[in-house]
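Here's the structure, in structure tokens; my notes come after.
Number of protein chains: 4
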Amino acid sequence: MSQPVCAIVGAGDGLGRALAAKFASQGFDIALISRSEANCVAAIKDATAAAARTNVQFFSADATQPETIEEALACIAEDMSEIDILIYNVRGEFTACEPLEMSYTALEDIFRVEVIGAFAAAKSVLPAMIRRSRGSLFVSSATAAFRGSRTHPLYAIGKFGLRALSQSLAKAYAKDGVHIVHMRLDCDLDVPLMRDAYGDSYDPEKLANPADVAEAYWLTHLQPKSAWSNEVELRPYTELWTY
Amino acid sequence: MSQPVCAIVGAGDGLGRALAAKFASQGFDIALISRSEANCVAAIKDATAAAARTNVQFFSADATQPETIEEALACIAEDMSEIDILIYNVRGEFTACEPLEMSYTALEDIFRVEVIGAFAAAKSVLPAMIRRSRGSLFVSSATAAFRGSRTHPLYAIGKFGLRALSQSLAKAYAKDGVHIVHMRLDCDLDVPLMRDAYGDSYDPEKLANPADVAEAYWLTHLQPKSAWSNEVELRPYTELWTY
Amino acid sequence: MSQPVCAIVGAGDGLGRALAAKFASQGFDIALISRSEANCVAAIKDATAAAARTNVQFFSADATQPETIEEALACIAEDMSEIDILIYNVRGEFTACEPLEMSYTALEDIFRVEVIGAFAAAKSVLPAMIRRSRGSLFVSSATAAFRGSRTHPLYAIGKFGLRALSQSLAKAYAKDGVHIVHMRLDCDLDVPLMRDAYGDSYDPEKLANPADVAEAYWLTHLQPKSAWSNEVELRPYTELWTY
Amino acid sequence: MSQPVCAIVGAGDGLGRALAAKFASQGFDIALISRSEANCVAAIKDATAAAARTNVQFFSADATQPETIEEALACIAEDMSEIDILIYNVRGEFTACEPLEMSYTALEDIFRVEVIGAFAAAKSVLPAMIRRSRGSLFVSSATAAFRGSRTHPLYAIGKFGLRALSQSLAKAYAKDGVHIVHMRLDCDLDVPLMRDAYGDSYDPEKLANPADVAEAYWLTHLQPKSAWSNEVELRPYTELWTY
Chain A
10 MSQPVCAIVG
20 AGDGLGRALA
30 AKFASQGFDI
40 ALISRSEANC
50 VAAIKDATAA
60 AARTNVQFFS
70 ADATQPETIE
80 EALACIAEDM
90 SEIDILIYNV
100 RGEFTACEPL
110 EMSYTALEDI
120 FRVEVIGAFA
130 AAKSVLPAMI
140 RRSRGSLFVS
150 SATAAFRGSR
160 THPLYAIGKF
170 GLRALSQSLA
180 KAYAKDGVHI
190 VHMRLDCDLD
200 VPLMRDAYGD
210 SYDPEKLANP
220 ADVAEAYWLT
230 HLQPKSAWSN
240 EVELRPYTEL
250 WTY
Chain B
10 MSQPVCAIVG
20 AGDGLGRALA
30 AKFASQGFDI
40 ALISRSEANC
50 VAAIKDATAA
60 AARTNVQFFS
70 ADATQPETIE
80 EALACIAEDM
90 SEIDILIYNV
100 RGEFTACEPL
110 EMSYTALEDI
120 FRVEVIGAFA
130 AAKSVLPAMI
140 RRSRGSLFVS
150 SATAAFRGSR
160 THPLYAIGKF
170 GLRALSQSLA
180 KAYAKDGVHI
190 VHMRLDCDLD
200 VPLMRDAYGD
210 SYDPEKLANP
220 ADVAEAYWLT
230 HLQPKSAWSN
240 EVELRPYTEL
250 WTY
Chain C
10 MSQPVCAIVG
20 AGDGLGRALA
30 AKFASQGFDI
40 ALISRSEANC
50 VAAIKDATAA
60 AARTNVQFFS
70 ADATQPETIE
80 EALACIAEDM
90 SEIDILIYNV
100 RGEFTACEPL
110 EMSYTALEDI
120 FRVEVIGAFA
130 AAKSVLPAMI
140 RRSRGSLFVS
150 SATAAFRGSR
160 THPLYAIGKF
170 GLRALSQSLA
180 KAYAKDGVHI
190 VHMRLDCDLD
200 VPLMRDAYGD
210 SYDPEKLANP
220 ADVAEAYWLT
230 HLQPKSAWSN
240 EVELRPYTEL
250 WTY
Chain D
10 MSQPVCAIVG
20 AGDGLGRALA
30 AKFASQGFDI
40 ALISRSEANC
50 VAAIKDATAA
60 AARTNVQFFS
70 ADATQPETIE
80 EALACIAEDM
90 SEIDILIYNV
100 RGEFTACEPL
110 EMSYTALEDI
120 FRVEVIGAFA
130 AAKSVLPAMI
140 RRSRGSLFVS
150 SATAAFRGSR
160 THPLYAIGKF
170 GLRALSQSLA
180 KAYAKDGVHI
190 VHMRLDCDLD
200 VPLMRDAYGD
210 SYDPEKLANP
220 ADVAEAYWLT
230 HLQPKSAWSN
240 EVELRPYTEL
250 WTY
């Protein structure tokens, strides 16, 4: 017998994996969308382990090709069940460059991944959610959505756009009972990539634990609709934050 | 046998009452601080009804007299148990006036209620929380903390100050394991006062339900410490928000 | 004998025309970049009338084709003189639609006009400005850069991106003596289009006068480099603003 | 023959002195308000030197005693001429302490200096400005008005309050033709105090030059009323800014 579906676009071995496990443990079937199933091995394993009855399925799509996202989400609705929550957890490459070194192509690519891909996902699931007057759309974002950057301008430009999209969707469709949230991670995540990047200065207390972040997503999903957040900030207790 | 204590400064028949009931239902003893026990009758009743084993006690203090807050909180720690969460839920009178009509006394009063009172509460509970590396301090605030107002300047000036205090405390003591949160209500609450104010245009769907807001406070309290929010926004799904 | 050049990308009969006249009156030669010279007739006329010695020239480019912007700006530097200030004053169509009605193409178009076009302009003029340790790049933007919209999501998404670009450039190149500014108009402009849109409720006191806005751009250009603004807000004295 | 008056509350040997000289050079008589004339010696000297015809006068007041500000400003209006621009340039001591070390008295003091003092000044000059439909009220503030601080919480609490006041006044009285501006210095100033504080790492290029900041105030004062800024940020071109 089917459970409500949590669909995660972008489910690698960082936050996506933790989200898959968390929502599986809470009674959701899990649909993982990524370019290749190889990316999702850890997420599939953890989600499957989290709850015996969980149905975990992989669907292929490329975030830079919005039609493939539409197709994958249509398949999920058909093959599995109604999508109760969709988490857009994709991010473009976190490329360092100074602003004048950006190429037009890199700008277009980041916009496709961060904004058009997220919109394709929204377009695919919101109409049914609006009809049912329930459902959630969460987008994984960062403090980069609030501040330009002299070292990572592409990331900032993408996340600003994602935030504009998220706010616009929330303002338009909250009244229809759909909970749309911009999840701002104001920190680095304790994932393999970061462990390598930090090297000797790696300190897990300074980073957000993916399972804890997934827990915070879950708690946000539990908010009753007369007391919703549409923008959530998350940071570890050790973070020296500015805003 | 004692349970951890949730202390609520400012527990009238609006949000305070709902917070008392919520935390009582989750295994907390409840300490209510207000000028007179009469203000807390509804909160006492609801908290008592929420869970059979809950110990609910009233303590007298005047938010404009910081020493009385210190005394009340010292009594609680002694008479009941350690305070695990303190919610500063006081607000000054929501007086409408144009800015030039403010008096110096009114400015001082709002600052005493919103900032000095909150600081007195923080000062009374944080050292023990820091020692134990656990505990929460939530302040009830509003969108007025983000925007000056031509019609309610006193409220804005008070809430700006409360937000500055809350951010400063969070930035200083999060590292010690204390969760300090500025709860921004971006809406009106469905409380008797507002029902009267709205009159014929009263529509509960347009207002935040106090029980739902209390639920959102509770969910925030559950955040794990590597994924904390320090500023939370809450609004009903019907709200036409700007920021 | 040539004067320093003020290049304006997007010089129609609204703000662009007023900017051309203002900078002409202050001793600049004026380069107008637009898709067709017909768009610039008013700007050419006013800039020419503003000062006898002003050299006003038109250059053709399409903001959605970044290479054409590069070419036009290269021609200006060659045919006229060094560009001392470039004003990116283009905006996409101010299309009303609800978010779910946006097309992928419309999203790409707005991003091209607002972000890629502005970046093409920046890329064309900043290296020379950095070499000379002087020059200004101003982008015309709006409060839409700060807030998603349920009625004009495309405009918001474009302006968010433009602001991210502007901040990133400013953070990277201010140290090289280049003044990069995001000009936020928090109002409607008193231009023919708006007069028609307002109809009977048209009231010039409620709108920003283009000549006054151009004056405010000029005053920003005069800021000394140890006291620069990188984000400027402008609104008429009658505006009921929120942020 | 009298010129319009620029009144400066808090005119020491930093920014106040530069403001006095700037406005004197632009055809204003200068009224300096401070606790003692000794504080204003440099400002008096520079304002006098800036323009032969300038009338420079000192008036005694204590920013923590709002009535003394009212009295000083009443004297100015009587002894000199109408006040065309008032600059509230006072700041409380920039005391470093951790939040829990603040005293109630220190909180009250900072609120008196930053908010009540500024309000006393506003109350003293705005009614006449509203009657004449012209005039400016600028308050000198800082990025501390936007962010709590774990090291300088008093300063943040004061500046948040000042910003709330400034916004409230602007929203209420701009329509009456009065230009009210929160001047945010996002930097340290190149003043004797800072030179000492920086010691060997003192580098004038990293600091805002007071004369340049005064110039930026002046340029803001020149904005036409259909294109006003109500919040202005200022920083040196070398500043690594976040927001």
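Chains as they are written, first to last, in my numbering: chain A, 10 to 252; chain B, 10 to 252; chain C, 10 to 252; chain D, 10 to 252. Glycine included, each C-beta is placed from N, C-alpha and C at the ideal position. Computed from a predicted structure; not experimentally measured.
Here the C-alpha atom of ILE17(A) lies approximately 19 Å from the C-alpha atom of ALA61(A). In summary, the residues of the segment 141-173 of chain B whose CB is separated from some CB of chain D by less than 7 Å are ARG156, GLY157, SER158, ARG159, PRO162, ALA165, ILE166, PHE169, GLY170, ARG172 and ALA173, in the order they occur in the chain.
Contact annotation: in the segment 114-130 of chain A, residues whose CB is within less than 9 Å of a CB in chain C are LEU116, GLU117, PHE120, ARG121, VAL124, ILE125, PHE128 and ALA129. As a beta-bridge residue in DSSP terms, HIS191(C) pairs with VAL148(C) and GLU240(C). Under the 8 Å criterion on CB atoms, MET111(D) is classed as interfacial with respect to chain B. The C-beta of SER238(C) comes no closer than 8 Å to any C-beta of chain A.
Excluding its 5 nearest sequence neighbours in each direction, ASP199(B) has C-beta neighbours in its own chain below 7 Å: PRO213, LEU216, ALA217, ASN218 and PRO219, listed in chain order. Among the residues of the segment 174-188 of chain A, those with a Cβ less than 8 Å away from any Cβ of chain C are LEU174, SER175, GLN176, SER177, LEU178, ALA179, LYS180, ALA181 and TYR182, in the order of the chain.
The three-state reading of DSSP puts TYR97(D) in strand, counting E and B together. Runs of beta strand (DSSP E) with 3 or more residues, each lying fully within the segment 58-83 of chain C, are found at 65-69, listed in chain order. LYS132(B) has a beta carbon lying within less than 8 Å of a beta carbon in chain D. The secondary-structure analysis by DSSP pairs SER43(B) across a beta bridge with SER69(B).
Put simply, the backbone Cα of THR77(C) is about 32 Å away from that of LEU109(C).
Taken through DSSP and simplified to helix, strand or coil, ASP185(D) comes out as helix. CYS15(A) sits in a strand when the DSSP states are folded into three classes. The contact set of GLN232(B) on chain A, defined by CB atoms closer than 9 Å, consists of ASP221, GLU224, ALA225, LEU228 and LEU243 in chain order.
Taking ALA30(A) as the centre and dropping the five residues before and after it, the same chain places the C-beta of ASP55, ALA56 and ALA59 closer than 6 Å to its C-beta, in chain order.
Nearest to GLY186(B) by alpha-carbon distance, out of ARG156(B), ASP88(B), PHE147(B) and ARG140(B), is ARG140(B).
For THR229(C), the uninterrupted alpha helix (DSSP H) segment begins and ends at 219-230.
By a beta-carbon distance limit of 8 Å, ALA130(D) does not contact LEU178(D). Their separation comes to about 11 Å.
Distances from the CA of VAL14(B) to each of GLN74(B), VAL134(B), LEU24(B) and GLU80(B) were compared; the closest alpha carbon is that of VAL134(B).
Within the segment 59-82 of chain A, the residues whose Cβ lies closer than 7 Å to any Cβ of chain C are, in chain order, PRO75. Of the candidates ALA83(B), GLY23(B) and ALA115(B), the residue whose Cα lies closest to the Cα of ASN98(B) is GLY23(B). Interface flag for ALA217(A) against chain B is set, since a Cβ pair is found closer than 8 Å.
Between the segment 44-55 of chain B and the segment 80-89 of chain B, the count of C-beta pairs closer than 8 Å stays below three; the two stretches do not touch.
The secondary-structure analysis by DSSP pairs ASP55(D) with nothing; it has no beta-bridge partner. When the beta-carbon positions are compared, LEU194(C) and LEU243(C) come within less than 8 Å of each other. ASP38(B) is bridged by DSSP to VAL14(B). Each of PHE67(B), VAL122(B) and ASP38(B) was checked against the Cα of ILE92(B), and the nearest Cα belongs to ASP38(B). Listed by position along chain B, the residues whose Cβ is nearer than 8 Å to that of THR251(C) are ARG156, THR251 and TYR252. LEU198(B) is bridged by DSSP to ALA217(B). In terms of beta-carbon proximity, LEU135(A) lines the interface with chain C, with at least one pair separated by less than 8 Å.
Closest in C-alpha terms to ALA153(A), from the list LEU171(A), ALA27(A) and PHE32(A), comes LEU171(A). The C-alpha of GLY167(B) is placed about 8 Å away from the C-alpha of GLY101(B).
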